[in-house]
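Trainee:
Numbering (our numbering), first residue to last: 463 to 609.
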């Protein structure tokens, strides 16, 4: 009986460590692309800036913001600029952005693996754009590959 209890405690402790997300594990570029130029690209910089691109076929919506961690395994992106770029293959990140207020994304997140083979899973918890609930803007689970 003691062995079973010890084994259960070990599994729970290991599971709790795996659930904690460290911000340094999200640094870098992550991408999920589908046919027809649909998909996502997330760029997390060490200075906590982020650029998120949502590819929608013939255009891309680009968000600029800063990210932080909330609770154990959540990433919050506070967006300060966004734009709709008609050149999805090479969006212009320098100009044409509009300032936005009350815009943020909250994701449940986990990173598995390391290096170029790493995979980050994001689960949208809350998507607020210009103060409005925009659930459905992201897929329920986004599995990004580090590139």
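A virtual CB, placed ideally from N, CA and C, is assigned to each residue, including glycine. Keep in mind the model is a prediction, meaning the values are calculated, not measured.
1. Could you tell me the boundaries of the beta strand (DSSP E) in which residue 543 lies?
2. So the beta strand (DSSP E) residue 674 belongs to, where does it begin and stop?
3. Between residue 524 and residue 513, how many whole angstroms is the CB-CB distance? I'm expecting something under 8 Å.
4. Is the number of C-beta pairs between the segment 544-564 and the segment 581-588 that are closer than 8 Å three or more?
5. To which residues of the same chain is residue 489 closer than 6 Å at the C-beta, ignoring the five residues directly before and after it?
6. Do residue 562 and residue 543 count as a contact pair if the criterion is CB distance below 8 Å?
7. Suppose the cutoff is 6 Å on Cβ atoms and the five residues either side in sequence are ignored; what does the same chain contact list for residue 479 look like?
8. Going by beta-carbon coordinates alone, are residue 493 and residue 609 separated by less than 8 Å?
9. Helix, strand or coil for residue 605, going by three-state DSSP, please let me know.
10. Closest by CA to residue 603, which one among 593, 581 and 595?
11. Return the first residue and the last residue of the beta strand (DSSP E) that residue 551 is part of.
12. Give the straight-line distance between the Cα atoms of residue 501 and residue 495, rounded to the nearest whole angstrom.
13. Residue 536: which of 519, 485 and 606 sits nearest, CA to CA?
Mentor: In terms of the structure at hand:
1. Start at 1 with the first residue of the chain shown, and residue 543 comes out as number 81. 536-547 is the span of the beta strand (DSSP E), which, as asked, contains residue 543.
2. Residue 674 is absent from the structure shown; the chain starts at 463 and stops at 609.
3. The residue you call residue 524 lines up with position 62 of the chain shown. The residue you call residue 513 lines up with position 51 of the chain shown. At roughly 7 Å, the Cβ-Cβ gap stays under 8 Å, so residue 524 and residue 513 are in contact.
4. no
5. Residue mapping note: residue 489 aligns to position 27 of the chain shown, counting from 1. Around residue 489: 506 and 508.
6. Along the chain shown, read from residue 1 onward, the residue named residue 543 stands at position 81. Along the chain shown, read from residue 1 onward, the residue named residue 562 stands at position 100. Yes. Within cutoff.
7. Here residue 479 refers to the residue found at position 17 of the chain shown. Reliability fails at residue 479, whose pLDDT of 40 lies under 50, so the model's placement of it is uncertain and no value is given.
8. In the chain shown, the residue the question calls residue 493 occupies position 31. In the chain shown, the residue the question calls residue 609 occupies position 147. Cβ distance < 8 Å, so residue 493 and residue 609 count as in contact.
9. Counting from 1 along the chain shown, the entry for residue 605 is found at position 143. In the structure shown, residue 605 sits in a strand (DSSP, three-state: E or B).
10. On the chain shown, position 141 is the one that residue 603 refers to. For residue 603, the nearest C-alpha among the options comes from 581.
11. Here residue 551 is taken as the residue at index 89 of the chain shown, counted from 1. Element bounds for residue 551: n/a, residue is neither H nor E.
12. Here the question's residue 501 lines up with position 39 in the chain shown. Here the question's residue 495 lines up with position 33 in the chain shown. One C-alpha to the other measures close to 4 Å.
13. The sequence position of residue 536 within the chain shown is 74, counting from 1. Nearest option by C-alpha distance: 485.
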